[in-house]
Structures are given as structure tokens and as C-alpha cells.
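Working notes, beginning with the structure itself.
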Amino acid sequence: MSFPYKTALITDATSWIGYASADRPIANGVFIVAVGRRADRLEQMLSKHGSLKIATEVCNVSDVDGIESWVREMTIKLPKLDCLILNAGVQNTFDITPALLKTAKNELNLDYHSPLVTTTHILPHFESLSTPTAVISVTSGLAIMPMPRCANYYTSKAAFRSLTWSLRAQLTDRGARARNIRVIEAVPSVVKTELLHTRQADLVAAGRADVGMPL
């Protein structure tokens, strides 16, 4: 698949998949805007690649009330921003009990509501450009084949996947003014990341957290 985009913003670039996702585009001349909550990892990325290849932005995209102003600020600072990679997400073991309803709300907020709001506010900027642009959604293979132990995560990823497909269809209906926007879904299978080790205490206790394909 060709990648004609020149400036790509990655949400949660400090996580394992997001962190690794920056390397290949940078090697092919794409300027990366790495967004994440962990300033130390962003500093590592900046030291590794240099300021001519990457910019970093400390931001918690789970704060959806601040996304509109943040997106506006980013598009002013980066008028050539032409690719949004929606990678931020969280996964928790989830039993359907009252005690875990707050966990469910937080998961849906980051895995679905945050990318919805981010996409909504960046589309006018993409429509204003005459060059190719893209919204890339990082969903999950488990949005298609769910597992009961993480029921809420897979539900939120299935919603995100449906949103991605619906966005693609709606942009087609908009005609010429959205013709330059491509909507892409990346569907990783189980990957060896800290997601299992830091969020799945039951798997760690059972010695089953070291699963998945390597980055």
C-alpha cells in the first residue's frame, strides 16, 4: 500500500504499537507528530530520531472535552498535517458486575469516544487541503472475534470499527470536498505489548500474559 502522506500524527505514540509505528514512516521520510501522556518516552523518541524527523506532544486524549481546542492548535502549528493515526486505547479484564461499571465507562471513552471526537474535529482541516489525507483507525482482530474476559474492550473496538466503516461511506457521499480523504482500518491480532502485563493481572498470575506476535 502506498503512503503518500508527509506529516502524520499518532495518538498514544508512547505505547508499544504506537511507539513502533513511528519507525517505518520516519524511515520513509514522513514527519511524525508523536502524542502521548508519558513525557519520558516522548523524550526517548525525540532523542532517537531528532527534531527534523519527529515532534512530540504531551496530551491525554482521554480528556475528550479538550480535544476540539487541541486539534485546532495542532492544525495551526502543523498546517501540512495530512494523516491521523488513531492508536490510543486501553484494555481491562471485565466482568459484567456493578463494581466495574466505571472501568467500562473509561474504556469506552478512550477506545471509542476519543477517536470519534478527534476525527470529527480534524476532518474540516483535511477537507481544506488539496493533497491526499488519511484517517487510520487501529482497531483489533478481536473486534471481529470477541473474547468474554475482556467484553467491554472488544465491544468498544467493534464500535470503533463500525465508526470507521461508516465514516468511509459518509465521506464518499460528501463528494468532491472529501475526495482527498482516505479512511483506513488497521486490524492487528494479539501483539506482545505492555497492555497484557499492566492491565491483565489475572493473566500475569496465571503465567499467560506473554502471548501474541512480536512487534
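In terms of the numbering used here, the sequence shown opens at residue 157 and continues consecutively.
C-beta: ideal position from N, C-alpha, C; glycine also.
Just so we're clear, the structure is a prediction, and the values are computed from it rather than from any experiment.
For V191, the closest C-alpha among the options N243, R228, H205 is that of N243. V227 is the residue among K204, L257, V227 whose C-alpha sits nearest the C-alpha of L272.
If you look at A190, you'll find it in the beta strand (DSSP E) that goes 187-192.
For L298, DSSP assigns no beta-bridge partner whatsoever.
In this structure G174 is buried. Its beta-carbon is surrounded by 16 or more other beta-carbon atoms within 10 angstroms. Where T212 is concerned, the enclosing beta strand (DSSP E) starts and stops at 210-214. Take K209, set aside five residues on each side of it, and the residues of its chain with a beta-carbon closer than 8 Å to its own are I182, F187, I188, in chain order.
Here I252 is exposed: its Cβ has fewer than 16 other Cβ atoms, across all protein chains shown, within 10 Å. For R338, the enclosing beta strand (DSSP E) begins and ends at 337-342.
With a cutoff of 8 Å on beta-carbon distance, S312 and E263 are scored as near each other.
Collapsing the DSSP output to three states places S322 in a helix. In the DSSP assignment, L279 falls within the alpha helix (DSSP H) that extends over 270-284. Taking all protein chains shown into account, T167 has 16 or more neighbouring C-beta atoms within 10 Å of its C-beta and is therefore buried.
Closest by C-alpha distance to V294, out of L266, S284, H281, P288, is L266. In terms of CA proximity to R180, H205 leads the group T212, H205, H277. In the DSSP annotation of this structure, the continuous segment of the alpha helix (DSSP H) that includes L202 starts and ends at 195-205. Annotated three-state conformation of T289 is strand, per DSSP.
Your pair S270 and V217 checks out as a contact, with CB atoms roughly 5 Å apart and the cut at 8 Å.
Bridge partners of T163 according to DSSP: F187. In this structure M230 is buried. Its beta-carbon is surrounded by 16 or more other beta-carbon atoms within 10 angstroms.
DSSP places L257 in the helix class (H, G or I) of the three-state scheme.
The beta carbon of L240 is closer than 6 Å to those of L165, I278, V291 in its chain, skipping five residues each way along the sequence.
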